[in-house]
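Colleague:
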Amino acid sequence: EAGVVQSPRYKIIEKKQPVAFWCNPISGHNTLYWYRQNLGQGPELLIRYENEEAVDDSQLPKDRFSAERLKGVDSTLKIQPAELGDSAVYLCASSLGGSGFSYEQYFGPGTRLTVT
Amino acid sequence: DQQVKQNSPSLSVQEGRISILNCDYTNSMFDYFLWYKKYPAEGPTFLISISSIKDKNEDGRFTVFLNKSAKHLSLHIVPSQPGDSAVYFCAALSGAGSYQLTFGKGTKLSVIP
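Okay, here's the thing in structure tokens:
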């Protein structure tokens, strides 16, 4: 079974530029999460989707961050414009929802963003 | 305020010996706990979990113990192997809440051959 796929793996951009990250969750996983992990810290939740609905985006900086999961499968996280403090690893995770709900979340390899 | 604390940033253990990684939490609403292992340049990998209705869960060489009264859990790895060298994250969530995982800062385990 394929795991969570993310691309790109690495991205270097100048500040004020836009950037987008893509995630394909494990097949059949209805719940999708975006996390940000700063150096030396644990991952912190940005947004959670149940199918195509964003059910928890309370920690997403909405002035510059946006996310979408149009067909309830793949998801894109965008930053526009990027700031120096956005340098981090952006992780996507998925888990079973609905009748097969599970607390275990499965993570992709992440996208390491460097803003210069 | 950090709700999940891993107070040891690093731990070194000889191969074959026991590794004990500790985690403390402050939020009494947490009722499910997970351990993740992370290798460099990879995402966290789910390792083992425990519900608050249990005090122990075992999976092969990995055992997690939960002490609810002390708000403390630990991960035991016996015997430790060089391939276990990684960063281990403790995470917690409230099943009655948003299912948001709250992570500790991680403990880097080095297993010395």
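Line order of the protein sequences matches chains A and B.
Just so we're aligned: the first sequence equals residues -10 to 105 in the numbering used here.
Just so we're aligned: the second sequence equals residues 203 to 315 in the numbering used here.
All C-beta atoms, glycine included, are put in the ideal place defined by N, C-alpha and C.
Given the structure is predicted, the values throughout are model-derived calculations rather than measurements.
1) Between residue 275 of chain B and chain A, is the shortest Cβ-Cβ distance under 8 Å, so that the two count as touching?
2) Round the Cβ separation of residue 310 of chain B and residue 212 of chain B to the nearest angstrom and send it over; I've been treating them as touching at under 8 Å.
3) Quick check: what's the CA-CA separation for residue 14 of chain A versus residue 229 of chain B?
4) Give the interface partners of residue 216 of chain B over in chain A, defined as CB-CB distance under 9 Å, in chain order.
5) Could you spell out where the beta strand (DSSP E) holding residue 64 of chain A opens and where it closes?
6) By the DSSP assignment, the beta strand (DSSP E) with residue 290 of chain B in it spans what residues?
7) Measuring only the C-alpha atoms, how far is residue 218 of chain B from residue 18 of chain A?
8) Which residues share a DSSP beta bridge with residue 274 of chain B?
9) Going by alpha carbons, who is nearest to residue 225 of chain B out of B:207, B:278, B:252?
10) Beta carbons nearer than 9 Å to chain A: which residues of the stretch 284 to 313 of chain B have them?
Modeller: So, from the listed chains and residues:
1) Numbered from its first residue, the second sequence carries residue 275 of chain B at position 73. Answer no: the Cβ-Cβ gap between residue 275 of chain B and chain A never drops below 8 Å.
2) Here the question's residue 310 of chain B lines up with position 108 in the second sequence. Here the question's residue 212 of chain B lines up with position 10 in the second sequence. In this structure residue 310 of chain B touches residue 212 of chain B by the C-beta definition: roughly 4 Å separates them, less than 8 Å.
3) Start at 1 with the first residue of the first sequence, and residue 14 of chain A comes out as number 25. Start at 1 with the first residue of the second sequence, and residue 229 of chain B comes out as number 27. Straight-line Cα distance between these residues: approximately 30 Å.
4) On the second sequence, residue 216 of chain B is found 14 positions in, with the first residue counted as 1. Think of a sphere of 9 Å around the beta carbon of residue 216 of chain B: no beta carbon from chain A falls inside it, the nearest being about 26 Å out.
5) As a first step, residue 64 of chain A must be located in the first sequence, where it is residue number 75. Its beta strand (DSSP E) spans residues 64 to 68.
6) Taking the first residue of the second sequence as position 1, residue 290 of chain B is located at position 88. Start and end: 288 to 295.
7) The count along the second sequence starts at 1 and reaches residue 218 of chain B at position 16. The count along the first sequence starts at 1 and reaches residue 18 of chain A at position 29. Going by the C-alpha atoms only, they are around 37 Å apart.
8) As a working mapping, residue 274 of chain B is identified with position 72 in the second sequence. For residue 274 of chain B, which the question treats as bridged, DSSP gives the partners B:226, B:269.
9) Within the second sequence, numbered from 1, the residue matching residue 225 of chain B stands at position 23. For the residues B:207, B:278, B:252, the minimum Cα distance to residue 225 of chain B belongs to B:207.
10) 291, 292, 293, 295, 297, 300, 301, 302, 303, 304, 305, 306, 307, 308
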